[in-house]
Each structure stands twice: as C-alpha cells, then as structure tokens.
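Structure, as structure tokens:
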Amino acid sequence: MNMLITGGAGFIGSHVVRRFVNNYPNYKIYNLDALTYAGNLENLSDIENLPNYFFIKGDILDSIFINTIFEKYRFDGVIHLAAESHVDRSITDPLAFVKTNIFGTVNLLNAAKDVWKEETSNRRFYHISTDEVYGSLGKTGLFTEKTPYNPNSPYAASKASSDHFVRAYGETYGLPYIITNCSNNYGPNHFPEKLIPLCITNIIQNKPLPVYGDGKYTRDWLYVKDHAAAIDLVFHKGKNQETYNIGGFNEWQNIDLVKLLCRLLDQKLNREEGTSLKLITYVKDRPGHDLRYAIDASKINKELGWRPSVTFEEGLEMTIDWYLENQEWLDHVTSGDYIEYYEKMYNEKETNQ
Ligand code: NAD
Ligand code: DAU
Numbered sequence: 000m001n002m003l004i005t006g007g008a009g010f011i012g013s014h015v016v017r018r019f020v021n022n023y024p025n026y027k028i029y030n031l032d033a034l035t036y037a038g039n040l041e042n043l044s045d046i047e048n049l050p051n052y053f054f055i056k057g058d059i060l061d062s063i064f065i066n067t068i069f070e071k072y073r074f075d076g077v078i079h080l081a082a083e084s085h086v087d088r089s090i091t092d093p094l095a096f097v098k099t100n101i102f103g104t105v106n107l108l109n110a111a112k113d114v115w116k117e118e119t120s121n122r123r124f125y126h127i128s129t130d131e132v133y134g135s136l137g138k139t140g141l142f143t144e145k146t147p148y149n150p151n152s153p154y155a156a157s158k159a160s161s162d163h164f165v166r167a168y169g170e171t172y173g174l175p176y177i178i179t180n181c182s183n184n185y186g187p188n189h190f191p192e193k194l195i196p197l198c199i200t201n202i203i204q205n206k207p208l209p210v211y212g213d214g215k216y217t218r219d220w221l222y223v224k225d226h227a228a229a230i231d232l233v234f235h236k237g238k239n240q241e242t243y244n245i246g247g248f249n250e251w252q253n254i255d256l257v258k259l260l261c262r263l264l265d266q267k268l269n270r271e272e273g274t275s276l277k278l279i280t281y282v283k284d285r286p287g288h289d290l291r292y293a294i295d296a297s298k299i300n301k302e303l304g305w306r307p308s309v310t311f312e313e314g315l316e317m318t319i320d321w322y323l324e325n326q327e328w329l330d331h332v333t334s335g336d337y338i339e340y341y342e343k344m345y346n347e348k349e350t351n352q
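Residue numbers for the sequence shown, in numbering that gives the first Met the number 0: 0 to 352.
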C-alpha cells in the first residue's frame with residue numbers, strides 16, 4: 000500500500016504519520032507537507048529514518064506537482080490533513096484559507112480522480128474535517144452527522160466548502176471518500192497559538208493568559224492520539240461515501256479550562272496555589288465567536304467501536320509534562336531556529352526514497 004498523508008508535519012498529522020509508520024511496516028507512508036509556520040519536521044524526528052517513511056516537501060496548491068507525485072507513486076490511499084487551521088488567522092487573512100483549504104483540496108481530488116479512474120476498488124480519499132462546519136450550538140444539543148452545515152468563521156467556511164467538494168467528487172465521479180468531523184484536539188506538538196498550548200506556555204513563562212470575551216465559550220476536547228486512533232480505524236474499517244463525527248465526550252467552558260491549567264501547572268512547578276490564576280486576562284472577543292461545540296460520536300462508537308481511551312485528566316497531565324520536557328521544541332517553533340533545522344534536514348535528505 001502506498002499512502003499519502005498530507006499535512007503530516009503539523010500537529011494532528013504528525014501523530015497520524017507516526018501511528019501509521021509504526022503500525023503498518025508494510026505500507027509506504029509518504030508525508031507531503033509545505034512546512035508552513037505550522038509544519039515542523041522535528042515532530043517526526045523519532046521516525047524519520049524508518050524505511051517505510053518518506054517525506055516530500057510540497058504545496059497542495061501546486062497542481063502540476065500534485066499530479067506528478069500521484070502519477071509517480073500511484074497512491075492507494077490518501078489521508079488529507081494539510082490545511083490552514085487557526086480561526087484567528089482566518090479572520091485576518093481569509094484568502095489564505097480559501098487557497099489552501101479549498102483549492103488545495105480540489106487539486107488533490109483532481110489528482111486522485113485522474114489516477115484512480117480505471118480502478119477505484121481498494122482506493123480511498125479520507126478527508127479530515129472539523130466540527131466547526133456545523134456552526135454553533137446553543138446551551139444544549141449535540142452535532143450529529145445530519146446537522147446542517149452553518150459555518151461562521153472563514154476557517155469553518157473553507158473547511159465546509161472542502162467537505163462539499165469531497166462529497167461532490169464522490170457523487171459526480173464516483174471517487175471513494177470518507178470524511179470525519181472532529182472536535183478540538185489537544186496534546187503534544189500543538190502549535191502554541193491555540194488555547195491549551197498557549198496557556199501552558201504562558202503559565203510557564205509567567206505571561207498573561209488571554210481569555211476572549213466572558214470566557215463562557217464551550218469546546219469538546221479530545222486527546223490527539225485518540226483522534227489518530229480514530230483516523231486509523233476509519234481509514235481501515237469505515238464505509239466509503241460516509242461521514243463520521245469524532246469527539247471527546249468532554250465539554251469545558253474556556254474559563255474553567257484555563258483555571259484548571261493554572262491549578263495543574265502551579266502543582267507541577269511547585270508554585271503556591273492560586274499563583275497562575277492572577278495571569279488570567281479577559282481580552283476583546285473573537286468576532287463571530289461560536290458559543291459551543293459538542294459532538295455526538297455515537298455513530299463511530301456503534302459502527303466501529305471507537306471511543307476515547309484517555310480521560311481529560313490523564314491527557315492534560317501527559318500534555319503538560321510534554322511541554323515541560325520539550326522547552327527546546329517550543330523555542331524552535333517560536334523562533335527562527337526551526338528554519339535552520341529544516342535546511343539542514345532537507346539538504347541532507349531531500350526525500351527518503
Ligand atoms: P496544523 O496547522 O498544526 O498543521 C497543518 C499542516 O498542514 C502543517 O504541517 C502545514 O505545514 C501543512 N500545510 C499547510 N498548508 C499547506 C499547503 N498549502 N501544502 C501542503 N501542506 C500544507 O493543523 P492541525 O491542527 O494538525 O489540523 C490538521 C487537520 O485537522 C486540518 O485539516 C484541520 O482543519 C483538522 N482539524 C483540526 C482540529 C484541531 O483541533 N486542531 C480539529 C478538527 C479538525
Ligand atoms: O473544533 C475544532 C477546531 O478546534 C479545529 O477545527 C481548529 O483547527 C482548531 O484550531 C480549534 O478551533 P478553536 O477556535 O475552537 O480553537 P482555539 O484553541 O483557537 O480556541 C479555543 C477556544 O478558546 C475558543 O473559544 C477561543 C478561545 N481562545 C482562544 C485563544 C487562542 C481564548 O479565549 N483565548 C485565546 O488566546
């Protein structure tokens with residue numbers, strides 16, 4: 000099996016790549032990533048020399064390049080994670096999200112459609128999406144696979160559009176596809192622009208913890224390795240032309256979560272109880288801020304037997320420990336050092352083919 004995983008140097012993608020490389024030594028895993036600010040080959044340094052792993056630096060916006068690699072490697076399966084992923088960035092630069100998330104996805108769909116035209120059995124285009132396509136819940140209710148799309152941010156609109164294109168290629172060209180829509184992930188290697196890693200790093204550095212609006216917005220948090228396990232299961236056992244919701248059964252208001260992180264880190268850092276709470280700073284709200292996300296993950300649970308394996312307490316402890324032990328990673332992603340790392344890596348070993 001030749002597998003293409005896009006966005007494999009990012010947060011979730013790196014956990015997916017590692018899992019597939021380790022679990023499936025007979026597959027060739029090609030990680031295609033443009034290495035934007037969010038992509039970091041250090042995330043995969045532990046597996047980079049394994050014989051079934053290959054890195055390809057490339058941009059999903061470059062259709063000629065994408066067609067060439069599909070022709071060359073004849074991928075049997077695609078797991079597509081490459082995206083612009085941060086809601087706040089989508090508010091300041093929506094076009095970047097239109098380009099990568101929509102045009103980039105369509106380029107991949109075109110390449111898969113053309114290469115698979117004679118033979119679609121045992122092929123699968125698996126598109127990784129988000130619960131944000133459903134818009135916002137009120138105080139009650141859950142997103143199911145039948146909830147109508149109602150995206151509120153440019154990020155969510157671009158992901159919703161890409162989901163529609165994937166479905167449309169299934170209907171129009173018979174492309175075998177699966178889509179999953181997942182809730183908020185957290186865990187090791189999370190870029191520190193997102194709430195949990197931002198708070199962990201700011202607490203360590205005694206910096207303010209910016210809480211948007213009144214902090215009463217609710218998210219459903221899932222440990223990233225449980226998402227990777229769900230992706231593995233869906234890729235191998237899911238039904239074509241279906242979508243599955245994935246969630247953590249784990250809703251938290253932002254302010255309660257930030258307070259919990261303060262308490263856990265005060266203990267870890269041997270600070271007096273309550274020290275970090277003083278860092279909490281309410282700031283201007285995010286425009287179009289969705290009040291609440293919560294996933295009904297009963298379909299994937301009933302049909303494929305998936306559910307999260309770690310509790311939030313366990314997951315947060317592993318995450319905090321990882322950040323405390325990987326200060327160097329943090330320094331690199333937040334400075335220009337990573338560029339040096341990449342140039343060294345890339346010049347020595349353009350691809351591992
Ligand atoms: P991320 O921002 O950490 O990583 C994105 C990766 O895509 C990076 O490695 C980046 O270099 C790469 N990339 C960006 N533009 C590219 C391009 N034009 N060509 C090739 N590679 C490119 O994102 P993440 O948080 O790991 O999210 C991965 C996927 O999962 C995204 O599709 C996102 O929408 C989805 N998702 C994320 C979450 C979450 O909580 N993080 C939840 C549900 C779904
Ligand atoms: O629901 C899945 C989505 O989760 C993914 O599709 C996105 O890629 C991912 O970024 C995430 O989106 P959110 O906007 O929910 O995540 P973020 O970590 O940016 O924010 C979580 C909540 O915390 C949200 O209500 C906004 C708030 N927040 C965020 C930041 C960065 C703050 O209050 N302060 C902050 O500084």
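Just so you know, even glycine gets a beta-carbon here, dropped at the ideal spot from N, CA and C.
For a quick check, are the C-beta atoms of His126 and His163 less than 8 Å apart? His126 is not a Cβ neighbour of His163, given a cutoff of 8 Å.
Where does Gln352 sit, in a helix, a strand or coil, going by DSSP? Annotation note: pLDDT 40 at Gln352 (below 50); position unreliable, coordinate value reported separately. Here Gln352 sits in coil by DSSP.
From Asp284 to Tyr211, what distance separates their C-alpha atoms? If I take the Cα positions, the gap works out to 5 Å.
Quick test of your reading: Lys112 and Tyr172, contact by CB under 8 Å. State the CB separation rounded to the nearest angstrom. The distance from the Cβ of Lys112 to that of Tyr172 is about 5 Å, consistent with a contact at the 8 Å cut-off.
Tell me whether the beta-carbon of Ser161 lies closer than 8 Å to the beta-carbon of Asn109. Cβ atoms of Ser161 and Asn109: not closer than 8 Å.
Could you spell out where the beta strand (DSSP E) holding Phe355 opens and where it closes? This structure leaves residue 355 out entirely; the chain is present only between 0 and 352.
So is the beta-carbon of Asn184 under 7 Å away from any non-hydrogen atom of the ligand NAD? In terms of side-chain proximity, the C-beta atom of Asn184 is found nearer than 7 Å to a non-hydrogen atom of the ligand NAD.
Output yes or no for whether 8 Å exceeds the beta carbon distance between Asn249 and Ala296. No.
Proximity to Glu302 [Cα-Cα], best of Asn51, His235, Arg73: Cα-wise, what sits closest to Glu302 is His235.
Alpha-carbon to alpha-carbon, Glu117 and Gly314: Glu117 has its alpha-carbon roughly 44 Å from the corresponding atom of Gly314.
Is the Cβ-Cβ distance between Gly7 and Asn30 less than 8 Å? Yes, these two residues count as a Cβ contact at 8 Å.
Could you check whether the Cβ of Glu342 sits closer than 7 Å to any heavy atom belonging to the ligand DAU? No, the beta carbon of Glu342 sits no closer than 7 Å to any heavy atom of the ligand DAU.
Any chance the CB of Glu85 is under 7 Å from a heavy atom of the ligand DAU? For the sequence presented, residue 85 should be read as His rather than Glu. Flag set: Cβ of His85 near the ligand DAU.
Regarding Ala296 and the ligand NAD, is the C-beta to nearest heavy atom distance less than 7 Å? Not a single heavy atom of the ligand NAD lies less than 7 Å from the C-beta of Ala296.
Regarding Ala156 and the ligand NAD, is the C-beta to nearest heavy atom distance less than 7 Å? Not under cutoff, so the answer is no.
State the Cα-Cα distance for the pair Asn184 and Asp289, rounded to the nearest angstrom. Looking at the two C-alpha atoms, the distance is approximately 16 Å.
Just list the residues that DSSP pairs Glu250 with in beta bridges. According to DSSP, Glu250 bridges with Asp219.
Whole-Å CB distance - Tyr222 paired with Pro307, under 8 Å assumed: The pair is a contact, with the Cβ atoms about 7 Å apart (cut-off 8 Å).
Would you kindly work out how many angstroms separate the C-alpha atoms of Met0 and Glu83, rounded to a whole number? Distance between the alpha carbons of Met0 and Glu83: 28 Å.
Applying the 10 Å Cβ sphere with the 16-neighbour rule, what's the burial state of Tyr281? With fewer than 16 Cβ atoms within 10 Å of its Cβ, Tyr281 is classed as exposed.
Taking just the CA atoms, how far does Thr318 sit from Phe311? Between Phe311 and Thr318, the C-alpha separation is close to 10 Å.
Neighbourhood of Gln352 by C-beta, 8 Å cutoff - its chain only, sequence neighbours within 5 removed: Here the model assigns Gln352 a pLDDT of 40, short of 50, so the residue's position is not dependable, and the following value carries that caveat. So the qualifying residues of the chain are Phe53.
Can the beta-carbon of Ala404 be found less than 8 Å from the beta-carbon of Val15? The structure shown does not extend to residue 404, since the chain is modelled only from 0 to 352, so the question has no answer here.
Check whether the segment 197–206 and the segment 258–276 touch, using three or more Cβ-Cβ pairs below 8 Å as the test. Cβ pair count under 8 Å is three or more, so yes.
List the residues that DSSP assigns as beta-bridge partners of Cys181. Answer is Thr129, Ile245, bridged to Cys181.
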